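Residue numbers (the working numbering), protein chains in the order written: chain A, 936 to 1391; chain B, 9 to 281.
Shown next, in the form of structure tokens:
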């Protein structure tokens, strides 16, 4: 199963091409740090305009159950706190910091042999967010006892960006910390075809008690419930997290950030981003959080020809961005640029009932039918057809011969259902004022259904 | 011989069964009769019968029942207009006063005069566009022009014109307000028929930004506020607002607006037709 379209450069070439953080300094003049980078409530700013901040200083905090604190990624002074474009498509309040060029940081608290409590405290304070938007701290606490920590290395854009030879020992280190915090076993999930990654992981394990499991399928972050089901056999409702099956699933990025935060004391202020597609120099960049996509693409040599479309986090399931001024956030792993000729502009035709979408769907729902119901506004029928089990992988959209906008229609229906069921004051009226706020409402809609996860 | 007898026999049997069942049915209809208020049926006949739900009840029959029970206001049906209210009033023996009719108006003058920010390919629906980046236009407050209101209108009164703005046919509009509820950007607003001067912009962006994307957007220059003899116009957040209670429809602001944002809307039905 293809989950990411192959780039012109091979993975190895890209890794050799990656920039070190020092080289990256030159383009981070100004950063826009959104106060919402996870599923949950928007953080309250802890600083004011004209304040000076240092690298790693906490600038935003929220006391919600789902909380991810926000830290400054450069040293400088704050120009403004206002609404700015956000990768989730709708403007979000952000803190704009201008660099003063000193790279002064707060004193990072290092720790060599952390206790269980220390790990929990650090995770809560550092605000590490998994790629599916859940804070790592929340994935560790569950109604059931977590007995397995899984690191999912099958998500191509995450594995490409973060599994470099320097980072693999750190990923394993981070994984061990998560295992220590929850007294759990460790499992690394690798795609069967990725033999090189498997061998490099095996060589750096050094007899640790960590299993490696090969899978046939790639699992994107939203498929965490399906991954937990496939590994444990326990079915998880779409309103639950893998914690229901006693599993904590982390990505390579998550494990890397955990080891940095706990051992070196550095909160997540940098992410590794793969820049691919129509850019002059596709490469893996280490960028500060808040750097605009424009600057990241500029550091990769700029656009190749006229840009047509910028997509964050993979070509299939990612979101197209309206402007290149959106900032890199904690869950950004990949920026794909399509040139203006590459952009697909097919006009959607009628559904021909070929059922290709049904064949490829990893969670065995009926994407074509849900899309048709969403198109005519029958969100109740969408809900009956388990629209909330959708993992938004985008394969149905990819294979559709009529080029129908299946993924967008499904997202549309889900947003409508969240509006209908989760906002009581709007439940009364027939009004369906939509807007993408799915990230602000962490829980799913009030419908109950079970992920139809099945092995093919 | 036998054939005729057979026909007569079967006719008697069928006729007898029919007679007996008829008696049972008559008895049942008297015994189990549901007492209904004849007024409800009369009111249902008067109502338009569109079952649009604009009154807030589940269809016309439900509304009629509630009106007779006096739990719903007599002028609750916005679709029927004053004629229906008068007839219901006559049936219920209540006096009614004529209220001013209200119509939705489009609070944006952008359309083709507003620049496009992105080249959108996807579902043809305003709400879907609003899910991706605050709309496809340069102005995040303006009309998206993808026609969610057109599809929402149960009376087919709205069309998207060549200027990519919705146009409301006031002959067909029944003032139900569904379009106002459905609009994701709050562009459509209900206004009284007597209120004719409106600011056709709702952008709170700074003047320079508005001018760069839209020909007719409000830049907050305050010329209207200075010229208004009644002090009916206030400018807050780079957007002029008219206090309709003070406004005398003199039209001075309309003449003076440099951006042609403030307009005198013709609300009479004849003019719209």
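Positions of the beta carbon are idealized from the N, C-alpha and C atoms, including for glycine. Since we're looking at a predicted model, the values are computed, not measured.
Check your understanding: Within 10 angstroms of its Cβ, does residue 1336 of chain A collect 16 or more other Cβ (buried), or is it exposed?
Key -> Under this definition residue 1336 of chain A is an exposed residue.
**Study point:** Through-space distance from residue 194 of chain B to residue 1148 of chain A, alpha-carbon basis
**Key:** So the two alpha carbons sit approximately 52 Å from each other.
Exercise for review: Specify the secondary structure class of residue 1133 of chain A as computed by DSSP and reduced to three states.
Suggested key: Residue 1133 of chain A falls in the helix class under three-state DSSP.
Review point. Is the CB of residue 125 of chain B under 8 Å away from at least one CB in chain A?
Key: At a cut-off of 8 Å between beta carbons, residue 125 of chain B contacts chain A.
Check your understanding: What did DSSP end up calling residue 1262 of chain A once you bin it into helix, strand or coil?
Key -> In the structure shown, residue 1262 of chain A falls within a strand segment according to DSSP collapsed to helix, strand and coil.
Practice item. Output the distance between the C-alpha atoms of residue 1027 of chain A and residue 1325 of chain A, rounded to the nearest integer angstrom. Key: Looking at the two C-alpha atoms, the distance is approximately 26 Å.
Review point. Can you tell which of A:1334, A:1340, A:1349, A:1343 has the C-alpha that lies nearest to the C-alpha of residue 1318 of chain A?
Key: Closest option to residue 1318 of chain A, Cα to Cα, is A:1349.
Check your understanding: If you draw a straight line from the alpha carbon of residue 1141 of chain A to that of residue 1020 of chain A, how long is it in whole angstroms?
Key -> Rounded to the nearest angstrom, the two C-alpha atoms are 45 Å apart.
Exercise for review: Flag residue 1025 of chain A as yes if its beta-carbon sits less than 8 Å from any beta-carbon of chain B, otherwise no.
Suggested key: A Cβ of chain B is located within less than 8 Å of the beta carbon of residue 1025 of chain A.
Review point. Would DSSP call residue 992 of chain A helix, strand or coil?
Key: Here residue 992 of chain A carries a coil assignment [DSSP, helix/strand/coil].
Practice item. Kindly indicate which residue of A:1296, A:1322, A:1280 has the alpha-carbon position closest to the one of residue 1331 of chain A. Key: Among A:1296, A:1322, A:1280, the Cα nearest to that of residue 1331 of chain A belongs to A:1296.
Check your understanding: Does any CB atom of chain A fall closer than 8 Å to the CB of residue 136 of chain B?
Key -> Residue 136 of chain B counts as touching chain A.
Practice item. Taking residue 159 of chain B as part of the alpha helix (DSSP H), name the residues at either end of that continuous run. Key: Per DSSP, the unbroken alpha helix (DSSP H) holding residue 159 of chain B starts and ends at 156 to 160.
Point to revise | Contact set between residue 1356 of chain A and chain B, taken where Cβ atoms lie within less than 7 Å | key: When 7 Å is used as the limit between beta carbons, residue 1356 of chain A is near no residue of chain B, the shortest such separation being about 17 Å.
Review point. By how many angstroms is the C-alpha of residue 269 of chain B removed from the C-alpha of residue 207 of chain B?
Key: Using only the alpha carbons, I get a separation of about 6 Å.
Practice item. Say whether the stretch 1278 to 1297 of chain A touches the stretch 1089 to 1098 of chain A, bearing in mind that this needs 3 or more beta-carbon pairs closer than 8 Å, one atom from each stretch. Key: Because the criterion of three Cβ pairs below 8 Å is not met, the stretch 1278 to 1297 of chain A and the stretch 1089 to 1098 of chain A do not touch.
Review point. Which residues of chain A have a Cβ atom closer than 8 Å to the Cβ of residue 130 of chain B, listed in chain order?
Key: Here the neighbours are 1340, 1343.
Check your understanding: Thinking just about the alpha-carbon of each residue, which of A:996, A:966, A:1065 is nearest to the one in residue 976 of chain A?
Key -> Measuring from the Cα of residue 976 of chain A, the nearest candidate turns out to be A:996.
Check your understanding: Under 8 Å between the Cβ atoms of residue 173 of chain B and residue 116 of chain B?
Key -> Result yes, Cβ atoms of residue 173 of chain B and residue 116 of chain B sit closer than 8 Å.
Point to revise | Neighbour list for residue 142 of chain B in chain A, Cβ cutoff strictly below 7 Å | key: Those within 7 Å of residue 142 of chain B in chain A are 1025, 1026.
Practice item. Mind checking the stretch 1261 to 1283 of chain A against chain B and listing, in chain order, the residues whose C-beta falls within less than 7 Å of any C-beta there? Key: Of all residues in the stretch 1261 to 1283 of chain A, 1280 have a Cβ within less than 7 Å of some Cβ in chain B.
Check your understanding: With C-beta atoms as the reference, is residue 1074 of chain A less than 8 Å away from residue 1154 of chain A?
Key -> Contact check for residue 1074 of chain A against residue 1154 of chain A fails: the beta carbons are separated by 8 Å or more.
Exercise for review: Under 7 Å Cβ to Cβ from residue 103 of chain B, same chain only, skipping five residues before and after it: list those, please.
Suggested key: Taking residue 103 of chain B as the centre and dropping the five residues before and after it, the same chain places the C-beta of 97 closer than 7 Å to its C-beta, in chain order.
Practice item. Measure from the C-beta of residue 1350 of chain A to each C-beta in chain B and report whether the shortest distance is under 8 Å. Key: Yes - at least one Cβ of chain B is within 8 Å of the one on residue 1350 of chain A.
Check your understanding: Going by DSSP, what residues sit across from residue 249 of chain B in a beta bridge?
Key -> The bridge partners DSSP lists for residue 249 of chain B are B:242.
Check your understanding: My guess is that residue 238 of chain B and residue 255 of chain B are in contact by the Cβ rule of under 8 Å, so how many angstroms apart are they, rounded?
Key -> About 7 Å separates the beta carbon of residue 238 of chain B from that of residue 255 of chain B, a gap short enough to meet the 8 Å contact definition.
Practice item. Return yes when the Cβ of residue 1237 of chain A is within less than 8 Å of the Cβ of residue 1263 of chain A, no when it is not. Key: No, the pair does not count as a contact, with Cβ atoms beyond the cut-off.
Point to revise | CA-to-CA distance, residue 1091 of chain A to residue 1207 of chain A, given in whole angstroms | key: Their backbone Cα atoms lie some 13 Å apart in a straight line.
Exercise for review: For residue 1284 of chain A, count neighbouring C-beta atoms within 10 Å of its own C-beta (all shown protein chains included) and say buried if the count is 16 or more, exposed if not.
Suggested key: So residue 1284 of chain A ends up on the exposed side.
Practice item. Just the C-alpha distance for residue 1178 of chain A and residue 967 of chain A, rounded to the nearest angstrom, thanks. Key: Residue 1178 of chain A and residue 967 of chain A: Cα-Cα distance of roughly 33 Å.
Exercise for review: Would you identify the three-state DSSP class for residue 1016 of chain A, choosing helix, strand or coil?
Suggested key: Strand.
Review point. The beta strand (DSSP E) spanning residue 175 of chain B covers which residue range?
Key: Per DSSP, residue 175 of chain B belongs to the beta strand (DSSP E) from 174 to 176.
Check your understanding: Is residue 1176 of chain A near residue 1069 of chain A, with beta carbons less than 8 Å apart?
Key -> Result yes, Cβ atoms of residue 1176 of chain A and residue 1069 of chain A sit closer than 8 Å.
Review point. For the 8 Å Cβ check, are there 3 or more pairs between the stretch 111 to 127 of chain B and the stretch 142 to 152 of chain B?
Key: Flag = yes, the stretch 111 to 127 of chain B and the stretch 142 to 152 of chain B touch.
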